[in-house]
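What follows is a set of notes on a single structure, which appears directly below.
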Amino acid sequence: MSPIPRRSLLKAAAVAGAAAQFSWALGSTNAQAAPRVEAADADPVTLDWLEDGGLGAAPGSTVGVPWPKGAYQEDQTFALTDADGKDVPVQSWPIAYWPDGSLKWTAHAVSSGSGKLTLAAGTTAAPDKKVTVDKSGGTIDISTGVITAQIGKSGSTLVKSVKRGSVEIAKNGRLVLIRQPEIEDEDQGAEKYERFESVIGEVAVEQEGPIRAVVRIDGKHRKGHRSWLPFSIRLYFYAGADSFRMVHTITFDGKQEPGKSSGDFIRGLGVRFSVPMRDAAYDRHIRIGGEGTGLLREAVKGITGLRRDPGAAVQAAQFAGQKLPDPSTWDQRVTTRLQYIPEWGDYTLSQLSADGFGLRKRTKKGHGWIGAGGGRRASGFGYVGGPSGGFSFGLRDFWEKYPAQLDIRDAQTDEAEVTLWLWSPEAQPMDLRFYHDGMGQDTFAEQLEGLNITYEDYEPEFGTPYGIARTSELLFWANESTPTPEKLAEQVAAVRVLPQLAAPPKQLIKAKVFGPGLYSEPDRSTPAKAKIEDHLDFLFTYYKDQVEQRRWYGFWDYGDIMHTYDTARHQWRYDIGGYAWDNSELSPDLWLWFAYLRSGRADIFRFAEAMTRHTGEVDVYHLGQWAGLGTRHGVQHYADSAKQQRIANTTYRRYYYFLTADERVGDLMHANVDSDETFLVLDPIRKIRTDPYTPDRHALSIGFGTDWSGLASAWLTEWERKGPKWEKAKARVLSTMETIAAQPNGFVQGSGLYDLDTGRFAVAASPVVGVSHLSAVFGLNELCAELIDLVDMPKFNEAYFDYCRYFNATKTEQAARYGSNFGSLLLFQGHSRLDAYAAVQTGDETLAKRAWTKFYSSDGYMESSPWKTEPLSGPVTLVPGSEATWISTNDTALYGLAAIENLALLGDKMP
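Numbering (the numbering used here) for the sequence shown: 20 to 930.
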């Protein structure tokens with residue numbers, strides 16, 4: 020990329036005018052949203068569950084549904100019916116608008132349903148039991164019609180009480196944190212711990228029913244005078260449900276320094292509830308999930324397997340979780356000796372790796388533990404209670420995000436305590452220190468040398484975890500009695516795979532969202548198309564299998580994939596600089612989401628969901644000096660010194676948000692609206708500049724590719740959502756589009772000097788060729804396809820089509836158009852999708868032909884590639900499995916996107 024020297028600045032009079040005199044809210048008279056269209060055809064939409072089983076035991080599900088431009092206005096109401104035509108109560112609200120004000124995306128919440136549901140314009144049916152919210156007192160009281168929860172407004176208790184009818188099932192729900200102030204790297208030393216508890220800072224009711232209520236609680240963990248580790252909790256309640264969902268986010272703001280043993284090491288991180296115990300000890304039931312829907316099913320005081328038999332019916336009833344008959348009716352040889360049967364009050368299941376869990380129990384504190392079994396992968400589910408009521412609880416992705424743990428304590432007393440540990444206190448403390456000492460890379464020159472050997476862009480003090488975040492999901496049920504085994508299995512299933520309604524691919528395509536024309540349903544109607552579909556299936560299956568074979572799991576790692584393979588070691592380069600964790604490099608997130616959009620496949624959705632949760636939280640800073648920036652690929656997700664917009668790119672979050680209306684992802688996207696301010700803090704190309712440069716808020720060097728696409732995506736999303744800053748965001752979209760188009764070489768100019776106050780690029784005095792092979796591979800094509808559809812700005816269209824036309828052109832063609840060629844470029848196969856897009860938009864048949872030529876025979880994957888794996892086993896690899904040495908994640912993401920978009924755009928013009 021060629022930055023514009025400050026001395027060649029402002030030719031702004033002709034195009035930018037006196038832009039600095041105007042506020043951002045005024046936008047531009049030359050840049051307008053596309054005019055309102057006539058009402059479009061809006062047929063009913065058939066919604067279906069991603070997996071079989073419908074809602075099951077989950078509290079509810081929320082789905083995003085897109086609509087064609089002009090189909091419905093903001094005040095439209097919707098009705099939902101099941102396969103028999105029966106009304107299903109639904110709560111609907113807008114989550115995005117077309118520029119003409121019509122609905123683009125609507126969210127719909129349901130708390131019932133098992134089969135396909137039909138959504139159409141109509142009168143909304145009222146639920147038999149609705150969610151109500153009372154904010155008038157000292158607590159926020161939420162009733163689903165079945166359970167009532169009291170939410171704290173201050174103090175340490177988030178959920179003060181959960182009742183079913185008049186019976187209190189759980190209380191004192193709070194967060195717990197164990198800090199270890201020093202970490203021992205050897206086998207000597209004393210470990211000390213400090214326990215912190217949640218302290219509420221702010222509470223907000225975000226939705227109040229009638230089907231769905233949402234409460235957000237923000238605060239920190241506190242002990243004494245110290246408060247740290249900010250949390251953001253959302254609690255979700257649905258009409259008629261006996262359960263609720265928690266979305267739990269922490270942002271790391273502790274201090275851990277490489278080479279030092281003292282710091283803020285998290286030893287345990289969890290959610291804790293107290294559970295009143297009212298039943299006799301022999302009627303108190305423990306259920307802990309093992310593998311699949313397997314359960315440990317025991318009572319605090321077991322009366323099975325004794326030397327004396329209370330009776331087969333009594334034993335069967337206890338195992339089933341039913342209330343036992345009065346002991347006076349049992350064999351009296353048991354009844355008279357009940358006091359001599361131990362009461363087991365404490366249980367712990369710990370999952371310290373993705374491959375093994377252990378389960379143990381004891382009678383009470385101060386007494387020895389007894390092994391109670393184990394296995395590979397626990398479901399993360401538990402229950403404690405009895406015939407008078409009980410509390411079920413579960414942590415999603417329990418083993419995938421190890422080390423995790425479930426504790427039940429004091430079940431033999433009047434009040435049991437359950438803790439769901441997101442980070443098990445039995446694991447090693449959370450060590451986030453940078454992984455090496457710098458190896459003498461003190462200057463930019465030395466750091467560039469390091470980059471040339473390990474592909475890691477190192478810089479002292481840049482490899483910090485300060486500001487990264489992680490989100491977890493939990494479910495809780497307030498049961499009127501101990502659930503049947505069948506009901507418990509349903510609850511386990513909901514914890515493992517949260518039921519999700521989905522709109523079909525044909526509706527997404529019809530509504531023309533996420534870039535009209537960029538994806539189409541899989542088509543195997545010709546041998547050439549079928550072959551590409553086979554290749555796409557192969558690549559997804561390979562990565563899904565590699566996650567398992569290579570154990571890409573763990574609290575901070577799950578959801579990401581590796582960048583490059585080491586053929587000599589038969590291993591991904593997990594320990595080699597920029598070849599390790601991928602961190603969204605070249606947009607595997609987009610590949611996965613586009614693969615889902617066209618297919619509706621549940622397995623692809625779940626893979627993309629996990630990646631979105633990871634890349635949006637762990638690979639991006641949410642606090643500190645780099646808040647709003649992401650980190651380039653590396654051995655640790657925050658290790659590399661390249662802190663850039665391209666990783667924090669809102670484009671990667673849009674799909675999950677609009678498909679599910681997930682509020683946490685919505686937070687992440689809104690947080691990026693002012694990310695242009697980050698260019699004052701950090702110059703992304705500081706190490707390779709040849710001209711002097713000091714960040715100036717009126718002249719910030721920002722690239723038109725990876726930088727602008729990330730910024731514009733955040734602005735577009737805020738505008739579409741009509742978020743708090745939507746008018747500013749809209750103005751930024753339009754003004755930057757206009758001033759990119761006004762550059763002497765348009766997108767080919769490469770970068771421009773941006774004014775934070777006006778939201779405009781200064782128009783350069785002279786043309787520059789500043790093309791990078793990376794500029795368009797972080798979502799630029801997908802973003803521009805949306806903008807061109809939304810905004811009526813022919814000059815921008817021409818500028819982008821020109822970029823598409825000439826990237827894959829010959830050097831002679833480039834020089835003839837721009838005065839010089841683009842230099843040595845890469846990633847031609849990935850850029851074939853730009854050829855395809857411009858070909859359709861301009862009707863250029865030559866460009867259409869070139870799209871397929873570059874797709875089939877430039878770089879990346881060829882038809883002659885092996886398209887198969889080879890088996891691996893000992894002693895060349897750690898675990899048996901397979902490898903495809905010819906695969907790299909860069910090539911996979913680019914091939915996947917090019918194949919999907921080329922098929923959709925030019926499937927009828929294949930050679």
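C-beta: ideal position from N, C-alpha, C; glycine also.
Out of His589, Ala223 and Ala614, the CA that lies nearest to the CA of Gln568 is found in His589. The secondary-structure analysis by DSSP pairs Gly171 across a beta bridge with Thr158. Shortest Cα-Cα distance from Gly573 to any of Trp418, Pro448 and Val266 involves Trp418. Nearest in C-alpha terms to Asp433, of all of Val782, Val752, Ile188 and Gly769, is Ile188.
Judged by DSSP in its simplified three-state form, Arg592 adopts coil rather than helix or strand. In this structure, Phe780 sits away from Leu793, with a CB-CB distance that is not shorter than 8 Å. When the Cα atoms are used, Glu70 and Ala621 turn out to be separated by approximately 7 Å. For Lys182, the enclosing beta strand (DSSP E) starts and ends at Val178 to Arg183. Of the candidates Ile305, Arg183 and Pro786, Ile305 places its Cα closest to the Cα of Glu362. Around Asp456, the same chain offers Pro277 and Gly278 as residues with beta carbons nearer than 8 Å, after the five sequence neighbours per side are excluded.
Val64 is classed as buried because its beta carbon has at least 16 other beta carbons within 10 Å across all chains shown.
As summarised for the stretch 457 to 520, the continuous beta strand (DSSP E) elements at least 3 residues long and confined to that stretch are 488 to 498, given in chain order. Membership of Tyr454 in any alpha helix (DSSP H) is not indicated, and neither H nor E is assigned to it by DSSP. Rounded to the nearest whole angstrom, the C-alpha separation of Lys190 and Thr888 is 53 Å. Taking one beta carbon from each stretch, the stretch 630 to 641 and the stretch 673 to 686 have 3 or more pairs nearer than 8 Å; the two touch.
In the DSSP assignment, Ala139 falls within the unbroken beta strand (DSSP E) covering Leu136 to Ala140.
Beta-bridge partners assigned by DSSP to Lys149: none are found.
Taking C-beta separations shorter than 6 Å and ignoring five residues to either side along the sequence, the partners of Lys928 in its chain run Ala867, following chain order. Taking a 10 Å sphere around the C-beta of Pro113, we find 16 or more other C-beta atoms and assign the residue as buried. Between Thr323 and Gln341 a beta carbon distance of about 13 Å is seen, past the 8 Å cut, so the two are scored as non-contacting. Taking each of Met630, Phe698 and Ile906 in turn and checking the Cα distance to Arg673, the smallest one comes out for Met630. Straight across, the Cα-Cα distance linking Ser539 with Leu555 is about 14 Å. Here the stretch 296 to 305 makes contact with the stretch 403 to 423; the two share three or more CB pairs at distances below 8 Å. For Lys747, the enclosing alpha helix (DSSP H) stretches over residues Trp745 to Ala760. Your pair Trp727 and Val692 does not check out as a contact, with CB atoms roughly 14 Å apart and the cut at 8 Å. Looking at the DSSP output, Gln110 sits in a beta bridge with Ala128. For Asn840, the secondary structure class from DSSP, reduced to helix, strand or coil, is coil.
Taking the C-beta atoms as reference points, Ser372 is found nearer than 8 Å to Tyr421.
Under the three-state reduction of DSSP output, Thr669 falls in the coil class, being neither helix nor strand.
Check the Cα spacing between Leu357 and each of Asp345, Asp365, Val84 and His244: the tightest is with Asp345.
Tyr914: member of the alpha helix (DSSP H) spanning Thr908 to Leu925, first to last residue. Of Arg245, Asp854, Arg231 and Thr270, the smallest CA-CA separation from Asp237 is found for Thr270. For the pair Thr96 and Ala834, the Cα-to-Cα distance works out to about 56 Å.
At least 8 Å separates the beta-carbon of Tyr255 from that of Val290. Here the alpha carbon of Gly643 sits roughly 16 Å from the alpha carbon of Ala661. For Pro295, the enclosing beta strand (DSSP E) stretches over residues Ser281 to Pro295.
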